[in-house]
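Top line first, the protein sequences correspond to chains E and V. Numbers 1 to 246, taken from the working numbering, label the letters of the first sequence in order. Numbers 1 to 160, taken from the working numbering, label the letters of the second sequence in order. Glycine residues also receive a C-beta, built at the ideal position from the N, C-alpha and C atoms. It should be emphasised that the depicted structure is a prediction, and the values quoted were computed from it without experimental measurement. Structure first, then comments.
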Amino acid sequence: VTGATRAAPHRGHGAWGARRARASAQETTLDLLWVHDGVACFAGVRADCPLYRAVLALEGPAHSPRALPQADPGALAGFRAVLEGLDHPLQALVRAEPFDVPRYAGRWEARAAALPTPLAGLARDHAAWARRELPALGLLARRAYLVIPADDPSAAHPAGVAPIHARFARWMGRGPGRRPIADAGQARATLAERCARLESALGAAGVRAARLGDLALSRLYRACWGPSQAGASRARDLAALFGSPS
Amino acid sequence: MRLPRVHLERTVAPSTAAFRPRAVVERVPDASARWRDGSLADVVAPAAITIEADHLVLDGQFARVLALVGLPPSADAGWLEPLVAAALPAEVSVFVAPAERGQVAGQLARRHVRLPSSLGLDVAEGRPANPDLVAAEEQTARLPRLATLAILPRWRSWLW
Numbered sequence: 001v002t003g004a005t006r007a008a009p010h011r012g013h014g015a016w017g018a019r020r021a022r023a024s025a026q027e028t029t030l031d032l033l034w035v036h037d038g039v040a041c042f043a044g045v046r047a048d049c050p051l052y053r054a055v056l057a058l059e060g061p062a063h064s065p066r067a068l069p070q071a072d073p074g075a076l077a078g079f080r081a082v083l084e085g086l087d088h089p090l091q092a093l094v095r096a097e098p099f100d101v102p103r104y105a106g107r108w109e110a111r112a113a114a115l116p117t118p119l120a121g122l123a124r125d126h127a128a129w130a131r132r133e134l135p136a137l138g139l140l141a142r143r144a145y146l147v148i149p150a151d152d153p154s155a156a157h158p159a160g161v162a163p164i165h166a167r168f169a170r171w172m173g174r175g176p177g178r179r180p181i182a183d184a185g186q187a188r189a190t191l192a193e194r195c196a197r198l199e200s201a202l203g204a205a206g207v208r209a210a211r212l213g214d215l216a217l218s219r220l221y222r223a224c225w226g227p228s229q230a231g232a233s234r235a236r237d238l239a240a241l242f243g244s245p246s
Numbered sequence: 001m002r003l004p005r006v007h008l009e010r011t012v013a014p015s016t017a018a019f020r021p022r023a024v025v026e027r028v029p030d031a032s033a034r035w036r037d038g039s040l041a042d043v044v045a046p047a048a049i050t051i052e053a054d055h056l057v058l059d060g061q062f063a064r065v066l067a068l069v070g071l072p073p074s075a076d077a078g079w080l081e082p083l084v085a086a087a088l089p090a091e092v093s094v095f096v097a098p099a100e101r102g103q104v105a106g107q108l109a110r111r112h113v114r115l116p117s118s119l120g121l122d123v124a125e126g127r128p129a130n131p132d133l134v135a136a137e138e139q140t141a142r143l144p145r146l147a148t149l150a151i152l153p154r155w156r157s158w159l160w
């Protein structure tokens, strides 16, 4: 996820220190400073300029991408409008997560309690079938996210993929490079405005966007950084940290 | 709160022993009471990261990052669907950033100069023409003209 990994704070100063910080693959920090009010703050390369990120979880549109042009031509125009109106970088992330069979089956069982008897029987049968058959299939659920930075719009290139002249200018201290926002309040306001604008624009294209809260943000970063340990115990630990039910 | 600082060391020779993380985690405590002595770090941070030449190991899970290059100048809706919908435990990440049309057109013009040069070198050395380069040259030849019609996108993207 954008900003998740950064080179270690360089020991030197000036151009040599900056170059060394980017070039080193031997020493890395995962400098998540805090998660609060739906904002994740990372230390970044410079100690006085942290990086702020917000994440939107996406749902929709109702049709598959290939069927979308015929089924809902307006949606494509909506996506085009989102891209044309973009004045800051963003990252679209599609994650593949193991399908949560117990939760799926549990929802059917809970629903069965409210259904009339014949339908309740069918729902319980389906839940039992899901618990029996689905784990062996190794199903994956795809979830889409948008990661929005609070950086200045001049940060037009993700780290590592800027044109060579831009990287050279940054290395020489002449280019603007990334201009992070040092003030957390300002970053929070910028992120709120950008998220609201994207939610509205994506809504017009048939995509529902919801900003992740503190617990969901931490779970997402946990799942990205430690995919093999994103289990129930970790989820409970995170929920306990934020004082929320898991 | 700061997450544990991870020192990474490359191995000199591949080990045949059972997997053992090669990273040493050094905890950096945080003064914030909200995180209760850095317990968020305990939960969120991976226990170990190993960076090898062509892959990563995150908490014992092997991962590799591929950058998609040579993308076509245009694509139909849903062109990423086979990649996203495949039964692979893979993540797709697209970076999108605003760009000026003039800057994009300039880059395309430079590329339009480079590609015939590469094709000419192949011909001079008796190599068969690379079909990818031929196709790219034809496409970039058309794009600067499109730029004058303001059809070029106002954004750039990278796919991982």
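**Asked** If you pair each beta-carbon of the region 71 to 81 of chain E with each one of the region 113 to 128 of chain E, do three or more pairs fall below 8 Å?
**Response** no
**Asked** Whose C-beta lies closer than 7 Å to the C-beta of residue 124 of chain E among residues of the same chain, with five residues either side of it excluded?
**Response** 109, 112
**Asked** Going by C-alpha distance, which of V/43, V/45, V/102 is nearest residue 154 of chain V?
**Response** V/102
**Request:** Determine whether the Cβ of residue 122 of chain V lies closer than 8 Å to any Cβ atom of chain E.
**Result:** no
**Prompt:** Do you know how far the Cα of residue 118 of chain V is from the Cα of residue 131 of chain V?
**Reply:** 12 Å
**Asked** List, in order along the chain, the chain V residues whose C-beta lies closer than 8 Å to that of residue 87 of chain E?
**Response** 98
**Message:** Does residue 151 of chain E pass the burial test, meaning 16 or more other C-beta atoms within 10 Å, or should it be called exposed?
**Reply:** buried
**Item:** residue 109 of chain V beta carbon less than 8 Å from that of residue 156 of chain V
**Value:** no
**Prompt:** For residue 91 of chain V and chain E, any beta-carbon pair shorter than 8 Å?
**Reply:** yes
**Request:** Report the residues of the region 115 to 140 of chain E with a CB closer than 7 Å to any CB of chain V, ordered along the chain.
**Result:** 140
**Asked** How many Å lie between residue 54 of chain V and residue 64 of chain V at the Cα?
**Response** 7 Å
**The alpha helix (DSSP H) enclosing residue 49 of chain E, as first and last residue numbers** = Taken as a continuous stretch (DSSP letters only), residue 49 of chain E belongs to no alpha helix (DSSP H), as it is neither H nor E.
**Request:** Have a look at residue 58 of chain E and residue 66 of chain V and give me their C-alpha separation to the nearest angstrom.
**Result:** 24 Å
**Message:** Using a 10 Å radius around the Cβ and a threshold of 16 neighbouring Cβ atoms, would you call residue 62 of chain V buried or exposed?
**Reply:** exposed
**Prompt:** Is residue 110 of chain E helix, strand or coil when you go by DSSP?
**Reply:** helix
**Message:** Could you tell me the alpha carbon to alpha carbon distance between residue 28 of chain V and residue 122 of chain V, rounded to whole angstroms?
**Reply:** Low confidence applies here, because residue 28 of chain V scores a pLDDT of 42, under 50, leaving its location unreliable and the question unanswered by this model.
**Prompt:** For the region 86 to 107 of chain E, which residues have a CB atom closer than 9 Å to at least one CB atom of chain V, in sequence order?
**Reply:** 86, 87, 88, 89, 90, 91, 92, 93, 94, 95, 96, 97, 98
**Message:** Within the continuous beta strand (DSSP E) that includes residue 104 of chain V, where are the two ends?
**Reply:** Unbroken run through residue 104 of chain V is the alpha helix (DSSP H), 101 to 124; no beta strand (DSSP E).
**Request:** Determine the burial state of residue 155 of chain E: buried for a count of at least 16 other Cβ atoms within 10 Å of its Cβ, exposed for fewer.
**Result:** Any reading at residue 155 of chain E needs caution, since the residue's pLDDT is 47, under 50, leaving its predicted position unreliable; the model's value is listed next. Buried, by the Cβ-count rule.
**Message:** Taking 6 Å as the limit between beta carbons, can you name the residues of its chain near residue 41 of chain E, skipping five residues before and five after?
**Reply:** 33, 34, 50, 52
**Prompt:** Where do the N-terminal and C-terminal ends of the beta strand (DSSP E) with residue 82 of chain E fall, by residue?
**Reply:** Residue 82 of chain E -> not in any beta strand (DSSP E); alpha helix (DSSP H) instead, spanning 73 to 84.
**Prompt:** Do you know how far the Cα of residue 127 of chain E is from the Cα of residue 135 of chain E?
**Reply:** 12 Å
**Asked** How far does the beta strand (DSSP E) with residue 98 of chain V in it reach, from first residue to last?
**Response** 92 to 98
**Message:** Counting C-beta neighbours from all protein chains within 10 Å, is the total for residue 121 of chain E 16 or more, i.e. buried, or is it exposed?
**Reply:** exposed
**Message:** Can you list, in chain order, the residues of its chain with a C-beta nearer than 7 Å to that of residue 63 of chain E? Leave out the 5 residues immediately preceding and following it.
**Reply:** 71, 72
**Request:** Flag residue 250 of chain E as yes if its beta-carbon sits less than 8 Å from any beta-carbon of chain V, otherwise no.
**Result:** Nothing about residue 250 of chain E can be reported from this structure: the residues present for chain E run from 1 to 246 only.
**Request:** Just grab the DSSP bridge partners of residue 91 of chain E for me.
**Result:** E/147, V/95
**Prompt:** Taking the alpha-carbon positions, what's the residue 99 of chain V to residue 105 of chain E distance?
**Reply:** 47 Å
**Item:** Within 9 Å of chain E by C-beta, residues of the region 43 to 65 of chain V in sequence order
**Value:** 43, 44, 45, 46, 47, 49, 51, 58, 59, 60, 61, 63
**Message:** Relative to the C-alpha of residue 159 of chain V, which candidate in V/51, V/139, V/83, V/126 has its C-alpha closest?
**Reply:** V/83
**Asked** If we cut at 8 Å on Cβ distances, does residue 21 of chain E have a partner in chain V?
**Response** A caution first: residue 21 of chain E carries a pLDDT of 42, below 50, which makes its placement in the model unreliable, though a value can still be read off. Not closer than 8 Å to any Cβ of chain V, the Cβ of residue 21 of chain E fails to qualify, so no.
**Message:** Out of E/210, E/86, E/65, which one is the CA nearest neighbour of residue 76 of chain E?
**Reply:** E/65
**Asked** At least one CB of chain V closer than 8 Å to the CB of residue 200 of chain E: is that the case?
**Response** no
**Message:** Going by the DSSP bridge assignment, what does residue 242 of chain E pair with across the sheet?
**Reply:** Answer by DSSP bridge pairing: none, since residue 242 of chain E is not bridged.
**Asked** Quick one: Cα of residue 46 of chain V to Cα of residue 225 of chain E, how far?
**Response** 6 Å
**Request:** For residue 44 of chain E, decide whether its Cβ has a neighbour in chain V, counting only Cβ atoms nearer than 8 Å.
**Result:** no
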